[in-house]
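Q: So the sequence shown is numbered by numbering that gives the first Met the number 0: it starts at 0 and just counts up by one.
Even for Gly, the Cβ is constructed at its ideal location relative to N, Cα and C.
Sharing a structure with you now.
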Amino acid sequence: MEEPRFHVVDTRRRFLSWFAPPAAVFVLGFVALLFAGHVLGPLQPITVVRAMLASKRDFFEDEQVKRLLMSHGYQVQITPAGSFELAETADLDSYQFVFPSGQAAADRVRERRQGKHAVGYKPFFTPLVLATFRDYAEALKKAKVAEPLPTANPPLYYRVEMDQLMALVAGKGRWRDYGPGLSANRLLVQSPDPCRSYSGAAYVGLVAFARYAQPAATDAEAVEQARGIKPMLDAEGQHSDDMAPKYFVPEGRSFATVAVIYEHQYLAYQNRRLDNGLGLDTDRVLMYPSAQHQTAPDLISFSPEGDAIGSLLMSDPALRRRAVELGFHVYSADTAQFGFAGYLAQRGIPEPATATGDTETWLPRDAQFRRMVDEIGDCPW
Numbered sequence: 000m001e002e003p004r005f006h007v008v009d010t011r012r013r014f015l016s017w018f019a020p021p022a023a024v025f026v027l028g029f030v031a032l033l034f035a036g037h038v039l040g041p042l043q044p045i046t047v048v049r050a051m052l053a054s055k056r057d058f059f060e061d062e063q064v065k066r067l068l069m070s071h072g073y074q075v076q077i078t079p080a081g082s083f084e085l086a087e088t089a090d091l092d093s094y095q096f097v098f099p100s101g102q103a104a105a106d107r108v109r110e111r112r113q114g115k116h117a118v119g120y121k122p123f124f125t126p127l128v129l130a131t132f133r134d135y136a137e138a139l140k141k142a143k144v145a146e147p148l149p150t151a152n153p154p155l156y157y158r159v160e161m162d163q164l165m166a167l168v169a170g171k172g173r174w175r176d177y178g179p180g181l182s183a184n185r186l187l188v189q190s191p192d193p194c195r196s197y198s199g200a201a202y203v204g205l206v207a208f209a210r211y212a213q214p215a216a217t218d219a220e221a222v223e224q225a226r227g228i229k230p231m232l233d234a235e236g237q238h239s240d241d242m243a244p245k246y247f248v249p250e251g252r253s254f255a256t257v258a259v260i261y262e263h264q265y266l267a268y269q270n271r272r273l274d275n276g277l278g279l280d281t282d283r284v285l286m287y288p289s290a291q292h293q294t295a296p297d298l299i300s301f302s303p304e305g306d307a308i309g310s311l312l313m314s315d316p317a318l319r320r321r322a323v324e325l326g327f328h329v330y331s332a333d334t335a336q337f338g339f340a341g342y343l344a345q346r347g348i349p350e351p352a353t354a355t356g357d358t359e360t361w362l363p364r365d366a367q368f369r370r371m372v373d374e375i376g377d378c379p380w
């Protein structure tokens, strides 16, 4: 009979055999996060930068953008505001940078900051568009006001003649007059509050240019043009700050049959659908005014910290890539755009025909533009 054998267990080896595999996974994961820029931020000093942001705050509210800025040691503390609210009434000295959505609001900020630090950065642009639903766009096509652009089948993008569309609005017709099964509501375009939102103010300029074919050159002309188009804008009723949330909800047809939004909001919406496995929404479409208006939001820095944020938006490849993913046209040092068409093709999103013609909507000079907007909205400036 064999004698029993006794073995001394090496507890260190036993521990290592249990501990080593998960430790290796942890180390590899940590290294991956380190190189992705997700770990460095919390381990280094973080500078909180105070900012007042208009509609393009959706860029800074994006979780990936937050992480990328954190990896550079910055966290942006956001105070939301409309572009004209920001430009006209905000205490600018309380912030390290502001981000109004359009040139007129940015010029007003610079005017108020005269003699102080005010450095501008324009990292991207996005066109002003009219967002609607396919059957309504087809009704306008039947009325010879809109035509589909040859970018996809079925088309996601249309060209609309603003002067003819405004003639329909002024005629007080109803949607059902232009297509069976359409709403019995009056044919209108829903736009944001022009006193607060740049998109709302720019739409005022768009309508005035369609009606008068030239921007107001004097205060008297600004008032005259504003009074000429005011009935069409007053018919919309109470304005919201941003029409995109109402347009994109499932009940959007009831809230905003035709809504003034920015192109990037539509592209970001389509991207989210693709990320969630839902496919493109081919019911929602965009209409591009024949005389377009491109908005180039202007980040205006009041401090070295604001300068750092502006420089990162202009030069950091990851931030620029994320801007494209969020639907923006991104300026490059040597070309007009950075990766926009290629990214949309990769995602299977038809590229918008942004430049459908040589005509551009020209807004009045700042003083006359503000006078026109004030006449329309009775603004509390």
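Going by DSSP, name the residue or residues bridged to Pro126.
A: Answer is Gln293, bridged to Pro126.
Q: Measure the C-alpha to C-alpha separation of Gln163 and Pro179 and round it to an integer number of angstroms.
A: Rounded to whole angstroms, Gln163 to Pro179 spans 21 Å at the Cα level.
Q: If you compare alpha carbons, which of Gln43, Val47, Lys140, Ser54 is closest to Gln264?
A: Among Gln43, Val47, Lys140, Ser54, the Cα nearest to that of Gln264 belongs to Ser54.
Q: First and last residue of the beta strand (DSSP E) that includes Leu52?
A: Residues 46-52.
Q: Mapping the DSSP letters down to three states, classify Ser300 as helix, strand or coil.
A: Looking at Ser300 - three-state DSSP - the assignment turns out to be strand.
Q: Three-state secondary structure (DSSP) at His263?
A: Correct three-state label for His263: helix.
Q: Do you know offhand how far Glu84's Cα is from Ala366's?
A: Spanning the two alpha carbons is a distance of roughly 16 Å.
Q: To the nearest angstrom, how far is the alpha carbon of Val118 from that of Asp306?
A: So the two alpha carbons sit approximately 7 Å from each other.
Q: Under 8 Å between the Cβ atoms of Lys121 and Tyr330?
A: Contact: yes.
Q: Spatial neighbours of Pro193 within its chain, please: C-beta separation below 6 Å, excluding the five flanking residues on both sides.
A: Only Gly199, Ala200, Val203, Val372, Ile375, Gly376 meet the Cβ criterion.
Q: Taking DSSP as the reference, what is the three-state secondary structure of Val206?
A: Helix, per DSSP.
Q: On the CB-based measure, 16 or more other CB atoms within 10 Å of its CB, does Glu87 come out buried or exposed?
A: By the neighbour-count rule (16 or more Cβ atoms within 10 Å), Glu87 is buried.
Q: Less than 8 Å between the beta carbons of Val159 and Leu186, yes or no?
A: No. Outside cutoff.
Q: Taking just the CA atoms, how far does Gly81 sit from Gln43?
A: Going from the Cα of Gln43 to the Cα of Gly81 covers about 33 Å.
Q: Go to Pro288, then tell me how far its beta strand (DSSP E) extends in each direction, as first and last residue.
A: That run of the beta strand (DSSP E) goes 283-288.
Q: Using the rule of at least 16 other Cβ atoms within 10 Å of the residue's Cβ for burial, across every protein chain shown, is Asp93 buried or exposed?
A: It should be pointed out that residue 93 corresponds to Ser in this sequence rather than to Asp. That one is exposed.
Q: Between Thr125 and Asn184, what straight-line distance do the alpha-carbon atoms span, to the nearest angstrom?
A: If I take the Cα positions, the gap works out to 30 Å.
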